[in-house]
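Counting in the working numbering, the sequence shown tops out at residue 76, every number present. C-beta: ideal position from N, C-alpha, C; glycine also. These figures come from a predicted structure and were not determined experimentally.
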Amino acid sequence: MSSQQNKKGKEQSFHILPHPAKTNNPADLQPEQREQLRSDPVQAFHARDPYVPDPKILENLPPATSREELQKRQDEINRRQADGR
């Protein structure tokens, strides 16, 4: 419809399209993935190796924080939130 037709008194019309699901099960919308997992469950164990950062990145990391230091920081943050800051 053009804007001139709307001005002449013709009302806009909207249509509802059907949903692609045949049932209420959300898994029905992705049959390819479901079938792939069922057909070869061993593929779940063929994951990539863990990430190992470059030595340059490891050299630039700050030293690990102790549990006591982390607890102190947590207490400070909680205190600030309780005070309303």
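Distance, Phe36 Cα to Lys63 Cα: As a working mapping, residue 63 is identified with position 72 in the sequence shown. As a working mapping, residue 36 is identified with position 45 in the sequence shown. Inter-residue distance for Lys63 and Phe36 is about 40 Å (C-alpha atoms, whole angstroms).
Start and end residues, alpha helix (DSSP H) containing Arg48: Residue mapping note: residue 48 aligns to position 57 of the sequence shown, counting from 1. Just to set this straight, residue 48 is Ile in the shown sequence, not Arg. Its alpha helix (DSSP H) spans residues Pro46 to Glu50.
Per-residue DSSP class, three states only, for Asn69: As a working mapping, residue 69 is identified with position 78 in the sequence shown. In the structure shown, Asn69 sits in a helix (DSSP, three-state: H, G or I).
Ala55 - DSSP class collapsed to helix/strand/coil: Numbered from 1 along the sequence shown, position 64 holds the residue referred to as residue 55. Look at Ala55 here: in three-state DSSP terms it is coil, with no helix or strand label.
Beta-carbon proximity list for Asp19, same chain, < 8 Å, skipping 5 on both sides: Taking the sequence shown and counting its residues from 1, one reaches residue 19 at position 28. For Asp19, where only same-chain residues beyond five positions count, the Cβ hits under 8 Å are Ala12 and Lys13.
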